[in-house]
Each structure stands twice: as C-alpha cells, then as structure tokens.
Amino acid sequence: MDGRRRNPYELTEETPVYVISVAAQLSGLHPQTLRQYDRLGLVSPDRTAGRGRRYSARDIELLRQVQQLSQDEGINLAGIKRIIELENQVAALQSRMAEMQAALDGAAAAMRQREAAVHASYRRDLVPYQEVQQTSALVVWRPKRSQDQ
1 MDGRRRNPYE LTEETPVYVI SVAAQLSGLH PQTLRQYDRL GLVSPDRTAG RGRRYSARDI
61 ELLRQVQQLS QDEGINLAGI KRIIELENQV AALQSRMAEM QAALDGAAAA MRQREAAVHA
121 SYRRDLVPYQ EVQQTSALVV WRPKRSQDQ
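At position 131 of the sequence shown (counting the first as 1) the number is 131 in full-length UniProt numbering, and the numbers step up by one without a gap.
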C-alpha cells in the first residue's frame with residue numbers, strides 16, 4: 001500500500017467482488033477449472049467467512065493469462081505456476097527498487113541542502129591563501145581607522 005488511507009468502500013482491481021460463476025464467465029473458463037487452479041495455487045482468490053471464493057479484477061486477468069499460456073503457448077500448469085511466481089517476484093523487486101530510489105533521491109536532496117547551508121555559512125572576509133615568492137621587501141599593513149574614534 002502507498003501509505004495513504006483508502007476509502008473502505010472504494011473498489012480497486014484488487015477488491016474481491018466476483019463469485020466463482022461470474023469469474024468463470026468473465027474469464028471464459030469452467031468453474032471447475034477455477035477450483036483446480038485454486039487447488040494448484042495458480043490463482044488463489046480471497047475467501048468469505050463461509051469459505052466461498054471471491055475473485056477480483058486482477059484475479060480475472062490472471063485467469064485469462066493462465067489460459068493464454070496454457071492454450072496458446074502450450075505451457076504446462078507447473079510451468080505457468082513458476083512463471084507467475086517469478087513475475088510476482090520481479091514486481092516485488094521493482095517496487096522495492098522504486099522505494100530505495102525514492103529514499104536515495106531524498107537523501108541526495110538533503111545532502112545538497114546541507115552542503116548549500118555549509119557554503120552559505122562561509123565567512124566572506126577570508127581570502128584564499130596563495131603562495132608568495134620570498135622577497136626581501138617589507139610590507140607594513142595598517143588597519144584603517146574608523147571615523148567614529
């Protein structure tokens with residue numbers, strides 16, 4: 001979750017709303033196929049208190065993807081399960097990487113601000129030191145007298 005509070009009545013693609021018959025119709029699969037996919041761990045819908053399955057829009061899309069990989073690509077269910085696991089792992093890693101990039105960007109911005117504050121605190125009356133050649137000339141420095149004295 002992104003840290004913001006969500007409206008409990010807001011429907012997202014992850015909200016489980018479809019019963020198995022509707023999910024089967026939306027995905028173009030038989031309800032028994034959906035039960036089999038659930039037993040194999042391919043698509044695991046949420047459950048109600050009475051243990052009834054509730055599918056989300058994301059689950060429906062995943063069911064369609066499983067069907068496409070099985071029918072069109074000829075991949076067996078064990079292979080499909082591994083593909084789904086790897087895709088989930090990649091998505092989790094990408095999310096983590098985005099979090100870390102945001103933290104890095106924040107740290108870099110804070111560092112630039114601190115660096116700017118340090119540079120702003122430099123005394124402007126100091127002159128950078130430059131090596132002077134040794135001569136026998138004598139220079140006398142006398143501070144200016146202020147008009148107030």
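Don't be surprised by glycine CBs; every beta carbon is placed ideally from N, CA and C. Everything numeric in this text was worked out from a predicted model, so none of it was measured.
query	result
Alpha carbon of ALA107 to alpha carbon of ARG58, nearest angstrom	35 Å
Secondary structure of LYS144, DSSP reduced to three states	coil
Cα-Cα separation between TYR9 and VAL19, rounded to whole angstroms	18 Å
Sheet register partners of ASP46 (DSSP bridge)	ARG54
Residue environment, ALA109, which counts as buried when at least 16 other CB atoms sit within 10 Å	exposed
Whole-angstrom distance between PRO45 and ARG35, CA atom to CA atom	10 Å
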